[in-house]
Amino acid sequence: MDALLGEPWTLSPSVALRPEPFGALAYHFGNRRLTFLKRPELVAVVRGLGTAPDVRTALEDAGVPASQHAAYAAALRGLAATDMIRPRTETSA
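In this note's numbering, the protein residues as written are 39 to 131.
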């Protein structure tokens with residue numbers, strides 16, 4: 039099991055999401071990275087991270103089947119590597 043699924047994460051405060059027909063564009067104003075979120079479900083997960091108690095709950099709330107949680111966790115790790123999402127602390131909640 040991926041430990042990330044049990045952790046609280048949130049969208050970086052430096053990131054804006056712009057809805058698109060394919061999902062969304064995520065733009066980081068700090069590092070100027072542009073990322074395409076190509077699945078509406080991934081967009082729903084990223085948007086829900088800030089209010090869900092953990093990643094698993096955000097995935098469940100977005101309707102992602104448990105069999106796909108590992109793939110989504112890998113995608114979220116990619117977003118974390120570019121500071122699109124970050125671990126949530128008490129002060130960032």
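By construction, the Cβ of each residue, glycine as well, lies at the ideal position given by its N, Cα and C atoms.
Cut-off 7 angstroms between Cβ atoms - residues of its own chain near residue i, not counting five sequence neighbours on either side
i, result
"Glu45", "Asp92, Val93 and Pro125"
"Leu75", "Gly61, Ala62, Ala64, Val81 and Val84"
Beta carbon of residue i nearer than 7 angstroms to that of residue j
i, j, result
"Asp40", "Ala111", "yes"
"Leu97", "Val83", "yes"
Burial state of residue i (16 or more Cβ within 10 Å)
i, result
"Ser50", "buried"
"Ala54", "exposed"
"Ala109", "exposed"
"Ala104", "exposed"
Run of the alpha helix (DSSP H) containing residue i, from where it starts to where it stops
i, result
"Gly116", "His107 to Ala119"
"Pro78", "Pro78 to Gly86"
"Glu95", "One point to set straight first is that residue 95 is Thr, not Glu, in the sequence displayed. Run containing Thr95: Val93 to Asp99, per the alpha helix (DSSP H) assignment."
Segment limits, beta strand (DSSP E) that includes residue i
i, result
"Gly61", "Gly61 to His66"
"Ala54", "Val53 to Glu58"
"Thr48", "Trp47 to Leu49"
"Leu75", "Leu72 to Leu75"
Neighbourhood of residue i by C-beta distance below 8 angstroms, restricted to the same chain and skipping five residues each side
i, result
"Met122", "Leu49, Ser50, Val53, Ala64, His66, Arg71, Thr73 and Val84"
"Leu42", "Val93, Ala111, Leu114 and Arg115"
Close Cβ partners of residue i (< 6 angstroms) along its chain, the five nearest in sequence each way excluded
i, result
"Glu79", "Ala100 and Val102"
"Gly68", "Ser52"
"Thr120", "Arg71"
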